[in-house]
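Participant:
2 protein chains.
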Amino acid sequence: MRIGELSRRSGVSVPTIKFYLREGLLPPGELTSPNQADYADGHLRRLRLVRALIDLAGLPVARVKEVLESLDAGDEALHHRIGAVHRALAPPRQPAESDDTRAEAQVRELIEKRGWAIEPDAPAIATLAETIAVLHTLGQGDLAADLDSYADAVERLAEREVAAVASRPDTDRIAESVVIGTILGERLITALRLLAQEHVSARLLGPASGDPRAE
Amino acid sequence: MRIGELSRRSGVSVPTIKFYLREGLLPPGELTSPNQADYADGHLRRLRLVRALIDLAGLPVARVKEVLESLDAGDEALHHRIGAVHRALAPPRQPAESDDTRAEAQVRELIEKRGWAIEPDAPAIATLAETIAVLHTLGQGDLAADLDSYADAVERLAEREVAAVASRPDTDRIAESVVIGTILGERLITALRLLAQEHVSARLLGPASGDPRAE
DNA sequence: GCTTTATGGGTAGTGATACTATCCATGAAG
DNA sequence: CTTCATGGATAGTATCACTACCCATAAAGC
Chain A
1 MRIGELSRRS GVSVPTIKFY LREGLLPPGE LTSPNQADYA DGHLRRLRLV
51 RALIDLAGLP VARVKEVLES LDAGDEALHH RIGAVHRALA PPRQPAESDD
101 TRAEAQVREL IEKRGWAIEP DAPAIATLAE TIAVLHTLGQ GDLAADLDSY
151 ADAVERLAER EVAAVASRPD TDRIAESVVI GTILGERLIT ALRLLAQEHV
201 SARLLGPASG DPRAE
Chain B
1 MRIGELSRRS GVSVPTIKFY LREGLLPPGE LTSPNQADYA DGHLRRLRLV
51 RALIDLAGLP VARVKEVLES LDAGDEALHH RIGAVHRALA PPRQPAESDD
101 TRAEAQVREL IEKRGWAIEP DAPAIATLAE TIAVLHTLGQ GDLAADLDSY
151 ADAVERLAER EVAAVASRPD TDRIAESVVI GTILGERLIT ALRLLAQEHV
201 SARLLGPASG DPRAE
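Top to bottom, those sequences are chains A and B. Under full-length UniProt numbering, think of the first position of the first sequence as 1, with each following residue one higher. Under full-length UniProt numbering, think of the first position of the second sequence as 1, with each following residue one higher.
Written out as structure tokens, the structure is:
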């Protein structure tokens, strides 16, 4: 397959594919002559992954590159690769603020209580602590009060997700599934959560069911 | 409070506050003379909300403005305001693709089966359908196979969240809590989910517990 | 009163990001 | 053997979120 077909099948324009090649988001095709290259199905799959990361996850190109590099570090043990993927997918952090210390203690307490085996420097710990701290700053600390019920919910989901991902035929596919599952799973959960919120709020707060403040 | 104090208390530079004022993200202060204005605590709260939306939710300034406008449309019924907030917070959509039709049917079936009362044009429906379609395109359709378990999880969370939010003293605060809860709740769930995934994957795939492919 | 600093309001400029356009020599297709 | 596509490179563009600078005036400190 040459670049034109790759473009047609992926829906990405030829100049943009060239741009991704230059940026290292896509490995070069196999040269069959000095100015002719051949692209395989793997290129198409990789290109679709790049678009998903950029369009759906909103990752900047530079972060996409990091994620892909973590995907291609094939020599490490599986759970290390998953950790690398998680680290690459973590949202950018600004330096911790004062409130974060309290919140971080709360997070570590939760991890301990649930018996979760987490590396102490997992980036999600800082993200979580920062989020809780900001909730308090915004006067919405009660929303973070029962982390436990959130943890219950995501632990059940994680069981299913990891089991599904572990059924992939090789570690490359597992790592790829972790990226896709993390990113698109988040979007899926977010959209479902909005729907559930709309349903529940229609029931509790809607006009037909006795909003204590309305009517 | 004048702009300098607002800047110090929020951590946002004076030029940036001026920029937000120009862009309409922040209502103008009350003029006490032709070139002197007074800002209240509400400005500070609003400014912190703006920063949370930009920094944590990654919303572009123009979308933040829409969200704030949906917040300030105070005359509508509560559940309409919540719907407006959800619409403003929905991720941008590209025109639907062919695969989306199948996925959208799956979503509507789920909604029907669970008896959710959702407006048929809720933006989360399209987001969800698109996400499922992309999962299939990327060869990870199995991750979206049991939407039901995801729906179980988020429905439980939504019950708690809506109940917490409904306890706010007035509808303005409720609408504000919906924004913050939607955005920061997502971040909180995402971070917790990563931690849970790390825990489960360490157990199922880690080196000490018999990864079927390693050792 | 008088100097220094801060303020409101405006316009113009900047740096980063993600492409897009154009060019060229060469190869493939009809 | 003409026309179009390709690989490779360099330069340009649109958008976004600020940031710098300017001015006349007001507030704060002496």
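For glycine and all other residues, C-beta sits at the position ideal for the given N, C-alpha and C.
When you compare the CB of glutamine 106 of chain A with every CB in chain B, is at least one pair closer than 7 Å?
Facilitator: By 1-based counting over the first sequence, the position of residue 106 of chain A is 106. It does not; no Cβ of chain B falls within 7 Å.
Participant: Helix, strand or coil, according to DSSP, for glutamate 119 of chain B in the structure here?
Facilitator: By one-based count along the second sequence, residue 119 of chain B stands at place 119. Coil, per DSSP.
Participant: Give me the residue from A:Gly42, A:Ser149, A:Leu21 with the minimum Cα distance to methionine 1 of chain A.
Facilitator: On the first sequence, residue 1 of chain A is found 1 positions in, with the first residue counted as 1. Among A:Gly42, A:Ser149, A:Leu21, the Cα nearest to that of methionine 1 of chain A belongs to A:Gly42.
Participant: For alanine 191 of chain B, return the contacting residues in chain A, with the cut-off set at a CB-CB distance below 7 Å.
Facilitator: Residue 191 of chain B sits at position 191 when you count from the first residue of the second sequence. Here the neighbours are Ala124, Thr127, Leu128, Thr131.
Participant: Going along chain B in order, which residues have a C-beta closer than 9 Å to the C-beta of arginine 63 of chain A?
Facilitator: Stepping through the first sequence from its first residue, residue 63 of chain A is reached at position 63. Correct list: empty, because the minimum Cβ distance to chain B is about 12 Å.
Participant: Is the Cβ of serine 209 of chain A closer than 7 Å to any Cβ of chain B?
Facilitator: Stepping through the first sequence from its first residue, residue 209 of chain A is reached at position 209. The pLDDT assigned to serine 209 of chain A is 45, lower than 50, so where the model puts this residue is not dependable; a value taken from the coordinates is nonetheless given after this. Serine 209 of chain A does not count as touching chain B.
Participant: Drop a sphere of 10 angstroms on the beta-carbon of proline 15 of chain B, count the other beta-carbons inside from all chains shown, and report buried for 16 or more, exposed for fewer.
Facilitator: Position 15 of the second sequence, counted from the start, is the residue given in the question as residue 15 of chain B. It counts as exposed.
Participant: Between valine 179 of chain B and leucine 89 of chain A, what straight-line distance do the alpha-carbon atoms span, to the nearest angstrom?
Facilitator: As a position in the second sequence, residue 179 of chain B is number 179, starting the count at 1. As a position in the first sequence, residue 89 of chain A is number 89, starting the count at 1. Taking the straight line from one Cα to the other gives about 24 Å.
Participant: Look at the alpha carbon of arginine 46 of chain A and the alpha carbon of alanine 191 of chain B, and state the distance between them as a whole number of angstroms.
Facilitator: Your numbering for residue 46 of chain A matches position 46 in the first sequence. Your numbering for residue 191 of chain B matches position 191 in the second sequence. Going from the Cα of arginine 46 of chain A to the Cα of alanine 191 of chain B covers about 26 Å.
Participant: Using beta-carbon positions only, say whether histidine 79 of chain B and alanine 202 of chain A come within less than 7 Å of one another.
Facilitator: The residue you call residue 79 of chain B lines up with position 79 of the second sequence. The residue you call residue 202 of chain A lines up with position 202 of the first sequence. Against a cut-off of 7 Å, the Cβ pair of alanine 202 of chain A and histidine 79 of chain B comes out as a contact.
Participant: Measure from the alpha carbon of threonine 137 of chain A to the alpha carbon of each residue in A:Asp170, A:Glu119, A:Val165, A:Asp100, then state which is nearest.
Facilitator: Translated into positions along the first sequence, residue 137 of chain A becomes position 137. Nearest option by C-alpha distance: A:Asp100.
Participant: Which residues of chain B have a Cβ atom closer than 8 Å to the Cβ of arginine 203 of chain A, listed in chain order?
Facilitator: Taking the first residue of the first sequence as position 1, residue 203 of chain A is located at position 203. Chain B residues near arginine 203 of chain A: Ala117.
Participant: Considering only the alpha carbon of each residue, which of B:Val64, B:Gly11, B:Glu5 lies closest to alanine 40 of chain B?
Facilitator: Here residue 40 of chain B is taken as the residue at index 40 of the second sequence, counted from 1. Minimum Cα distance to alanine 40 of chain B is reached at B:Glu5.
Participant: Can you say whether glycine 83 of chain B is buried or exposed, counting buried as having 16 or more other CB atoms within 10 angstroms of its CB?
Facilitator: Taking the second sequence and counting its residues from 1, one reaches residue 83 of chain B at position 83. The residue is buried, with at least 16 neighbouring Cβ atoms inside 10 Å.
Participant: Go ahead and label serine 7 of chain A buried or exposed: buried means 16 or more other beta carbons lie within 10 angstroms of its beta carbon, across all protein chains shown.
Facilitator: Translated into positions along the first sequence, residue 7 of chain A becomes position 7. It counts as buried.
Participant: Between glutamate 104 of chain B and the rest of its own chain, which residues show a CB-CB distance below 6 Å, the 5 nearest in sequence each way excluded?
Facilitator: Position 104 of the second sequence, counting from 1, holds the residue named residue 104 of chain B. Only Ala129 meet the Cβ criterion.
Participant: Just checking: is the beta-carbon of leucine 78 of chain A within a distance shorter than 7 Å of some beta-carbon in chain B?
Facilitator: Walking along the first sequence from the start, residue 78 of chain A turns up at place 78. Closer than 7 Å to some Cβ of chain B, the Cβ of leucine 78 of chain A qualifies, so yes.
Participant: For glutamine 36 of chain B, write down the residues that DSSP places opposite it in a beta bridge.
Facilitator: Taking the second sequence and counting its residues from 1, the one referred to as residue 36 of chain B is at position 36. The partner list for glutamine 36 of chain B (beta bridge, DSSP) reads B:Ser33.
Participant: Excluding the 5 residues flanking leucine 53 of chain B on each side, which residues of the same chain have their C-beta closer than 6 Å to its C-beta?
Facilitator: Indexing the second sequence from 1 puts residue 53 of chain B at position 53. Within the same chain, and ignoring the five residues on either side of leucine 53 of chain B in sequence, the residues whose Cβ sits closer than 6 Å to its Cβ are Leu59, Val64.
Participant: Any beta-carbon of chain B closer than 7 Å to the one on serine 177 of chain A?
Facilitator: Here residue 177 of chain A refers to the residue found at position 177 of the first sequence. Contact with chain B is found for serine 177 of chain A, since one of that chain's Cβ atoms lies less than 7 Å from the residue's Cβ.
Participant: I want to verify the contact list: residues of chain A whose CB lies under 8 Å from the CB of glutamine 140 of chain B, in sequence order.
Facilitator: On the second sequence, position 140 is the one that residue 140 of chain B refers to. Under a criterion of Cβ atoms nearer than 8 Å, the residues of chain A adjacent to glutamine 140 of chain B are, in order, Ser177, Ile180, Gly181, Leu184.
Participant: Identify, in the order they occur along the chain, each residue of the same chain with its Cβ nearer than 6 Å to the Cβ of leucine 157 of chain A, setting aside the five sequence neighbours on each side.
Facilitator: Working through the first sequence from its first residue, we reach residue 157 of chain A at position 157. Same-chain partners within the cutoff: there are none.
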